[in-house]
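Trainee:
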Amino acid sequence: MADTVNETLVPRLDRRGFLKGCTMAAAALGLSETMVPKLVEAATTAQRPPVVWLHFQECTGCTESLLRASHPDLGRLLLDIISLDYHETVMAAAGHQAEKVLHDTIEKYNGKFVLIVEGAIPTKDNGIYCKIAGKTAMAILAEVAPKAAAVIAIGTCATFGGVQAAAPNPTGSVGVQSLVKGPVVNISGCPPNPIALLGTILHFLTFNRLPALDKLGRPLFAYGRRNHDHCERRPHFDEGRFVEQFGDEFHKQAYCLYKVGCKGPETFANCSAVRFNDVDVWPVSVGHGCIGCTEPNFWDTMTPFYERLPNVKIPGSGIIADADSVGKKVLGITAAAVGIHAAVGIGKRLIKGKEDDK
Amino acid sequence: MAQRITIDPITRIEGHLRVDVEVDGGKVTKAWSSGQMFRGLEIILKGRDPRDAWLFVQRICGVCTTVHALASVRAVENALGLVIPTNAQYIRNMIQSIHALHDHIVHFYALSALDWVDVVSALKADPVATQKLAETLSDWPGNSAKRFAAVKDKVKTLVDSGQLGPFANAYWGHSAMKLPPEANLMAVSHYLEALDYQRKATQALAIISGKNPHIQNLSVGGVTCAINLDNDSTLNMERLYFVKQLVEEVRGFIQQVYLSDVVAVGALYKEWLPYGAGVTNYLAAPDMFLDKEGTKFDLPGGTVMGGDLKTVKPISSLNDKYFKDNVQESIARAWYDGDWSKHPWEESTDPKPGEFNAEGRYTWLKAPRFQGKPMQVGPLAQMVVGYALGHEQIVKNVNGALDRISAVAGVKVGPEILHSTIGRHAARAVRASMMADLALKHWGLLVENVGKGDLEIFNPPVFPKGEQRGVGVHEAPRGLLSHWIVIENGKIKNYQCVVPSTWNAGPRDAKDQMGPYEASLVGNPIADAERPLEVLRTIHSFDPCIACAVH
Amino acid sequence: MTYEKKKCWSILLRLYHWGLALSIVFLVTTGIYINGPWSNTMQLGTGLFPMAWMRYTHFVAGYVFTAAVLIRVFLYIFGNAQERITDCLPITGRNIQNLGKTLLQYSYISDAHDERLGHNVLAGLTYLITILAAIFQLASGFFMLFPESATWQGLGVSIFGNQQEARFIHHLLMWWFIIFAVIHVYLVIWNDLTGPEGLVSSIFTGVKFKHKKA
Ligand code: HEM
Ligand code: HEM
Ligand code: NFV
Ligand code: SF4
Ligand code: SF4
Ligand code: F3S
Ligand SMILES: [Mg+2]
Numbered sequence: 000m001a002d003t004v005n006e007t008l009v010p011r012l013d014r015r016g017f018l019k020g021c022t023m024a025a026a027a028l029g030l031s032e033t034m035v036p037k038l039v040e041a042a043t044t045a046q047r048p049p050v051v052w053l054h055f056q057e058c059t060g061c062t063e064s065l066l067r068a069s070h071p072d073l074g075r076l077l078l079d080i081i082s083l084d085y086h087e088t089v090m091a092a093a094g095h096q097a098e099k100v101l102h103d104t105i106e107k108y109n110g111k112f113v114l115i116v117e118g119a120i121p122t123k124d125n126g127i128y129c130k131i132a133g134k135t136a137m138a139i140l141a142e143v144a145p146k147a148a149a150v151i152a153i154g155t156c157a158t159f160g161g162v163q164a165a166a167p168n169p170t171g172s173v174g175v176q177s178l179v180k181g182p183v184v185n186i187s188g189c190p191p192n193p194i195a196l197l198g199t200i201l202h203f204l205t206f207n208r209l210p211a212l213d214k215l216g217r218p219l220f221a222y223g224r225r226n227h228d229h230c231e232r233r234p235h236f237d238e239g240r241f242v243e244q245f246g247d248e249f250h251k252q253a254y255c256l257y258k259v260g261c262k263g264p265e266t267f268a269n270c271s272a273v274r275f276n277d278v279d280v281w282p283v284s285v286g287h288g289c290i291g292c293t294e295p296n297f298w299d300t301m302t303p304f305y306e307r308l309p310n311v312k313i314p315g316s317g318i319i320a321d322a323d324s325v326g327k328k329v330l331g332i333t334a335a336a337v338g339i340h341a342a343v344g345i346g347k348r349l350i351k352g353k354e355d356d357k
Numbered sequence: 000m001a002q003r004i005t006i007d008p009i010t011r012i013e014g015h016l017r018v019d020v021e022v023d024g025g026k027v028t029k030a031w032s033s034g035q036m037f038r039g040l041e042i043i044l045k046g047r048d049p050r051d052a053w054l055f056v057q058r059i060c061g062v063c064t065t066v067h068a069l070a071s072v073r074a075v076e077n078a079l080g081l082v083i084p085t086n087a088q089y090i091r092n093m094i095q096s097i098h099a100l101h102d103h104i105v106h107f108y109a110l111s112a113l114d115w116v117d118v119v120s121a122l123k124a125d126p127v128a129t130q131k132l133a134e135t136l137s138d139w140p141g142n143s144a145k146r147f148a149a150v151k152d153k154v155k156t157l158v159d160s161g162q163l164g165p166f167a168n169a170y171w172g173h174s175a176m177k178l179p180p181e182a183n184l185m186a187v188s189h190y191l192e193a194l195d196y197q198r199k200a201t202q203a204l205a206i207i208s209g210k211n212p213h214i215q216n217l218s219v220g221g222v223t224c225a226i227n228l229d230n231d232s233t234l235n236m237e238r239l240y241f242v243k244q245l246v247e248e249v250r251g252f253i254q255q256v257y258l259s260d261v262v263a264v265g266a267l268y269k270e271w272l273p274y275g276a277g278v279t280n281y282l283a284a285p286d287m288f289l290d291k292e293g294t295k296f297d298l299p300g301g302t303v304m305g306g307d308l309k310t311v312k313p314i315s316s317l318n319d320k321y322f323k324d325n326v327q328e329s330i331a332r333a334w335y336d337g338d339w340s341k342h343p344w345e346e347s348t349d350p351k352p353g354e355f356n357a358e359g360r361y362t363w364l365k366a367p368r369f370q371g372k373p374m375q376v377g378p379l380a381q382m383v384v385g386y387a388l389g390h391e392q393i394v395k396n397v398n399g400a401l402d403r404i405s406a407v408a409g410v411k412v413g414p415e416i417l418h419s420t421i422g423r424h425a426a427r428a429v430r431a432s433m434m435a436d437l438a439l440k441h442w443g444l445l446v447e448n449v450g451k452g453d454l455e456i457f458n459p460p461v462f463p464k465g466e467q468r469g470v471g472v473h474e475a476p477r478g479l480l481s482h483w484i485v486i487e488n489g490k491i492k493n494y495q496c497v498v499p500s501t502w503n504a505g506p507r508d509a510k511d512q513m514g515p516y517e518a519s520l521v522g523n524p525i526a527d528a529e530r531p532l533e534v535l536r537t538i539h540s541f542d543p544c545i546a547c548a549v550h
Numbered sequence: 000m001t002y003e004k005k006k007c008w009s010i011l012l013r014l015y016h017w018g019l020a021l022s023i024v025f026l027v028t029t030g031i032y033i034n035g036p037w038s039n040t041m042q043l044g045t046g047l048f049p050m051a052w053m054r055y056t057h058f059v060a061g062y063v064f065t066a067a068v069l070i071r072v073f074l075y076i077f078g079n080a081q082e083r084i085t086d087c088l089p090i091t092g093r094n095i096q097n098l099g100k101t102l103l104q105y106s107y108i109s110d111a112h113d114e115r116l117g118h119n120v121l122a123g124l125t126y127l128i129t130i131l132a133a134i135f136q137l138a139s140g141f142f143m144l145f146p147e148s149a150t151w152q153g154l155g156v157s158i159f160g161n162q163q164e165a166r167f168i169h170h171l172l173m174w175w176f177i178i179f180a181v182i183h184v185y186l187v188i189w190n191d192l193t194g195p196e197g198l199v200s201s202i203f204t205g206v207k208f209k210h211k212k213a
């Protein structure tokens with residue numbers, strides 16, 4: 000078990016080693032070169048890289064996920080690896096003392112700190128739906144983000160708007176990348192597995208560069224494949240053994256959850272591969288389908304969660320209906336139309352034929 | 000001359016809270032509690048599949064993850080008259096109790112201890128003397144001079160680095176900080192150790208629930224973690240004993256460290272015992288159900304009015320009309336359209352944003368009322384109600400804690416000290432200790448029932464045409480939580496959450512009655528208006544969750 | 000009355016037609032299975048792998064389908080006069096007239112009927128829409144098939160959003176193909192019965208019968 004004070008378990012990360020590693024690795028990999036020089040500087044000026052963590056429209060589940068992390072665990076992360084200078088949930092200072100910490104940090108480490116954002120940003124009515132110290136989330140982000148060396152959005156709220164952006168999105172919430180110029184690393188998930196964030200940070204500190212990202216800005220090491228592709232129930236899927244209803248005999252045999260709504264086949268995440276909380280579990284291993292929590296707009300596109308296909312809008316029509324009921328109706332109408340057309344044709348033939356006979 | 004202080008952001012809580020106080024003669028004379036963020040979950044749920052609701056509302060809060068989920072499935076089941084299998088009930092109870100262990104530990108150490116503990120002062124402590132002090136409180140094996148020395152060294156390295164991180168610019172050296180250096184060092188050591196034990200609790204929870212925060216093993220009608228003792232990928236004895244072992248380890252920490260630390264803080268800060276009572280109407284929900292129908296329970300619910308134990312009235316089941324009929328929410332002082340006070344089934348959520356106006360509207364929180372009165376909810380409410388009802392376990396555990404505080408403080412204290420800032424911490428620690436016992440009890444009940452051959456976990460919901468109304472009541476770590484649902488033709492027509500932190504952090508109502516946060520601040524001492532540490536102490540004692548409170 | 004044989008469909012077009020028609024039959028059947036596997040078993044070790052086979056068949060048919068679509072796109076540009084895209088669009092006076100005539104004919108209002116070597120324009124338009132639908136169908140299909148390909152992901156994300164949305168559109172478009180097939184088969188038979196060209200056989204032989212101009 001991790002022990003946060005046992006020195007033998009805390010080999011201090013060697014900054015010089017990082018820099019060496021960085022030069023070596025820079026030659027081998029090729030991404031986001033532009034930020035490297037800034038970050039090398041950041042790594043050399045402070046003993047531990049300063050991190051500013053902002054909370055907007057969120058539930059703190061993403062922060063909470065870090066309490067569950069084990070490699071590194073939170074104590075080690077905070078005491079040995081990074082300097083978490085601003086984070087409302089853990090910081091001891093409050094009110095204007097806290098405000099001062101934020102301002103001192105972004106000025107002192109201008110262009111050198113890492114910004115992590117948790118939560119979406121409401122944009123409706125000038126963003127009045129989320130305020131801290133009298134300023135809107137929009138204003139704070141606009142002030143802090145341009146000064147950061149790198150911006151990481153954690154959670155589906157900060158990446159894609161999350162639950163508050165679900166229809167009808169009452170506060171006009173958006174993710175960070177909609178408001179910030181320049182690259183944003185998206186660690187999506189609701190919440191993400193903490194190792195996705197920690198892996199990104201450690202990669203960054205080791206090589207002074209960001210890991211490779213997918214088209215949605217998500218690190219490939221955590222979002223490169225779909226849950227379905229590494230699911231332990233996949234053989235049951237291939238062999239056609241499915242749970243029909245929770246609690247049935249198929250469920251007791253831990254068969255595939257596809258028919259009770261599992262969205263593993265359309266969800267890019269590493270849940271099935273790396274699992275949660277160090278006890279070898281993920282949603283599917285407790286008999287519930289994946290709900291697709293790492294995907295953009297999953298609250299609207301993956302619902303109803305217990306059905307295979309969602310009730311998404313039929314593009315452009317504003318109609319909300321599921322594909323098959325629409326399809327079957329149109330097919331029915333078609334068949335009826337064909338039938339009537341044929342009947343009219345035959346009827347006409349009969350009449351005409353009689354006329355011809357005359 | 001009265002002076003107005005605004006503390007924004009209140010940190011070490013969940014969410015965006017602003018507190019304003021007026022200070023006169025070194026004491027708080029007026030207070031306002033203001034939630035600063037709105038998301039609109041109640042609006043978003045309209046028209047959706049009731050079976051999905053729990054996954055949405057769970058995202059109201061990632062700290063008390065699990066509780067909205069549980070309240071939501073209960074609300075839908077209540078509306079449908081759907082009874083869940085016995086195993087599902089026990090599994091849900093394990094989720095509730097194990098989550099509470101994590102939540103309470105994190106609250107005391109990570110979110111509130113720094114109000115009472117001066118980290119920097121720990122540098123002056125002698126590790127050997129610290130061990131001696133710790134040994135007077137408990138025989139926890141982690142309390143060794145060696146460990147204390149290592150922790151002290153850790154603190155020194157941190158301070159010497161010049162990068163204090165989350166500890167920067169705080170209230171170190173504040174005149175209200177009273178603990179001797181040794182007590183501070185012990186507390187810092189436990190602060191770090193708590194990080195390991197809260198994690199164990201979340202691991203136990205994850206084994207049953209797939210992951211957390213945000214569990215994924217519930218469903219309207221039961222749970223989804225199939226039980227099959229002869230399968231490697233279901234709940235089997237290996238999984239269940241893994242849960243048990245972790246919970247036992249956490250129970251050790253709670254009973255030998257957390258409870259002792261709270262006793263020490265209570266005793267060493269005995270001059271704080273008179274502060275922070277505020278609203279002494281208490282409301283708690285019955286929970287930890289022992290039967291399928293929700294009529295027998297391990298945690299009692301009810302009300303106590305005006306701090307008078309003789310006024311106690313029980314809430315005797317999930318369907319008790321005494322609770323169902325008497326809840327209303329007022330929006331007179333909040334940023335919503337209208338100024339009504341309505342029963343949750345009749346409510347709506349129509350945001351009408353505005354600026355903070357102490358005389359008018361000043362928050363996103365609605366103001367819940369019970370029979371028109373503000374109520375305090377939370378572990379303290381549950382302990383007071385249980386104590387008043389003569390609930391055996393609660394009386395025993397509360398008296399035990401009071402005796403220990405008396406012993407360390409050197410003065411005899413009784414249950415009257417519970418109505419206070421420190422009382423809330425004490426009640427929470429006692430509740431954590433009871434929850435650890437209950438988690439293991441319900442583990443035993445589950446195993447016993449499974450041993451009888453009952454493997455049922457799910458009864459499928461059926462949604463009839465027409466309208467159904469339901470309420471899901473749950474005793475969350477921060478107090479009584481209720482979700483109110485109206486279903487029409489299988490879709491959600493109205494969904495309203497009345498949340499513990501809404502009860503506690505809510506604003507004034509149309510009659511100008513303050514909410515519990517506000518009332519509890521009045522009379523608090525303020526030594527230094529520039530560094531209002533005392534306000535944080537009282538606010539933190541409620542364990543605020545503002546994402547919950549507004550949603 | 001005398002008729003003469005006239006070459007209308009190249010071998011490539013006929014190949015494409017039957018490739019497309021056949022693949023669609025397989026794609027629809029296997030696609031419906033993929034969406035809602037109707038077989039289920041408790042039995043282990045049957046070695047049947049129904050879902051794996053259905054998917055495999057779907058993907059093989061998907062490649063045939065894709066090849067057919069590509070051929071059609073080629074023929075739209077480089078095919079013979081009847082096969083080019085210009086012959087399907089109501090952009091010439093002759094074609095606009097034909098569109099009106101066909102509509103009147105199909106609704107039994109008039110018996111007048113152009114004898115064209117190529118498609119009537121209503122059919123041509125419908126086929127064009129079908130090919131466009133087919134392009135979205137294969138794009139969503141390949142987006143689902145190659146999750147770790149940056150190209151397909153980039154394309155898929157920008158056209159459809161997430162994979163579930165792609166899947167939804169993929170599924171929705173399936174209904175277009177089913178409904179098209181019903182109407183199409185009905186109408187070619189109807190035309191075969193009401194007109195002189197020998198429409199059905201033309202798609203096998205490439206030859207239509209036309210009134211011999213005196
Ligand atoms: C007319 C043409 C096609 C039809 C009617 C069709 C139909 C379907 C249907 C109904 C599904 C099931 C989706 C669901 O409801 O869950 C499906 C899945 C799929 N189709 Fe197609 N499809 C067609 C063409 C293609 C093509 C050209 C490809 C490309 C290779 C393709 C690749 C896929 C893939 C990868 C899946 C997902 C399979 C899985 O995840 O298990 N499809 N298709
Ligand atoms: C019994 C089966 C079928 C027969 C006899 C048949 C016959 C024909 C004929 C005669 C034509 C030329 C019509 C004209 O000139 O307007 C044609 C074109 C076409 N058919 Fe079929 N068809 C059959 C099935 C299908 C199916 C199942 C599909 C796909 C759903 C299909 C798709 C097409 C398309 C897309 C064209 C247009 C060719 C082009 O792009 O120029 N056919 N078919
Ligand atoms: N208040 C609150 Fe919760 C709790 N406990 C909700 O029901 O914290 Ni996030
Ligand atoms: S992404 Fe999910 S867990 Fe994270 S803050 Fe948003 S709702 Fe909470
Ligand atoms: S349980 Fe879900 S992820 Fe696993 S194989 Fe089945 S559908 Fe795929
Ligand atoms: S719901 Fe989320 S946590 Fe993983 S299994 Fe699915 S992506
Ligand atoms: Mg509410």
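Protein chains in written order, with numbering that gives the first Met the number 0: chain P, 0 to 357; chain A, 0 to 550; chain Z, 0 to 213.
Glycine included, each C-beta is placed from N, C-alpha and C at the ideal position.
Everything numeric in this text was worked out from a predicted model, so none of it was measured.
Is A:S33 helix, strand or coil when you go by DSSP?
Mentor: The sequence position of residue 33 of chain A within the second sequence is 34, counting from 1. A:S33: strand per DSSP, three-state reduction.
Trainee: Give the straight-line distance between the Cα atoms of A:K464 and A:K490, rounded to the nearest whole angstrom.
Mentor: In the second sequence, the residue the question calls residue 464 of chain A occupies position 465. In the second sequence, the residue the question calls residue 490 of chain A occupies position 491. Looking at the two C-alpha atoms, the distance is approximately 10 Å.
Trainee: Grab the span of the beta strand (DSSP E) containing A:Q2 for me, first residue to last.
Mentor: Here the question's residue 2 of chain A lines up with position 3 in the second sequence. Residues Q2 to I6.
Trainee: Starting from the C-beta of P:L65, find all residues in its chain whose C-beta is less than 6 Å away, skip the five residues before and the five after it, and write them out in chain order.
Mentor: Counting from 1 along the first sequence, the entry for residue 65 of chain P is found at position 66. Cβ within range, chain order: L73 and P193.
Trainee: Rounded to whole angstroms, what is the Cα-Cα separation between A:S111 and A:G522?
Mentor: Against the second sequence, residue 111 of chain A aligns to sequence position 112. Against the second sequence, residue 522 of chain A aligns to sequence position 523. Cα to Cα, the separation comes out at about 20 Å.
Trainee: Any idea what DSSP makes of P:A157, helix, strand or coil?
Mentor: If you number the first sequence from 1, residue 157 of chain P lands on position 158. Here P:A157 sits in helix by DSSP.
Trainee: Look at the alpha carbon of P:G29 and the alpha carbon of Z:S157, and state the distance between them as a whole number of angstroms.
Mentor: Working through the first sequence from its first residue, we reach residue 29 of chain P at position 30. Working through the third sequence from its first residue, we reach residue 157 of chain Z at position 158. Confidence at P:G29 is low in this model, with a pLDDT of 38, below 50, so its placement is unreliable and no value can be given for it.
Trainee: Could you tell me if the beta carbon of A:R58 falls within a distance shorter than 7 Å of some heavy atom in ligand 4?
Mentor: As a first step, residue 58 of chain A is located in the second sequence; it is residue number 59 there, counting from the start. In terms of side-chain proximity, the C-beta atom of A:R58 is found nearer than 7 Å to a non-hydrogen atom of ligand 4.
Trainee: Could you give the DSSP three-state label for A:M287: helix, strand or coil?
Mentor: Here residue 287 of chain A is taken as the residue at index 288 of the second sequence, counted from 1. A:M287: strand per DSSP, three-state reduction.
Trainee: Considering only DSSP beta bridges, list what A:Q467 is partnered with.
Mentor: For the purposes of this step, residue 467 of chain A is taken as residue 468 along the second sequence, with counting starting at 1. DSSP output for A:Q467 lists A:I486 as bridge partner(s).
Trainee: Inspect the CB distances between the segment 465 to 484 of chain A and the segment 368 to 377 of chain A and report whether three or more fall short of 8 Å.
Mentor: yes
Trainee: Identify the contact partners of Z:P49 in chain P, using a Cβ-Cβ distance below 9 Å as the criterion.
Mentor: Along the third sequence, read from residue 1 onward, the residue named residue 49 of chain Z stands at position 50. Here the neighbours are D237, E238 and G239.
Trainee: In chain A, what lies closer than 8 Å to P:L83 by C-beta?
Mentor: For this step, residue 83 of chain P is matched to residue 84 along the first sequence. The contacting residues are G164 and P165.
Trainee: According to DSSP, what are the bridge partners of A:N493?
Mentor: For this step, residue 493 of chain A is matched to residue 494 along the second sequence. Answer is A:V485, bridged to A:N493.
Trainee: If you pair each beta-carbon of the segment 538 to 548 of chain A with each one of the segment 43 to 61 of chain Z, do three or more pairs fall below 8 Å?
Mentor: no
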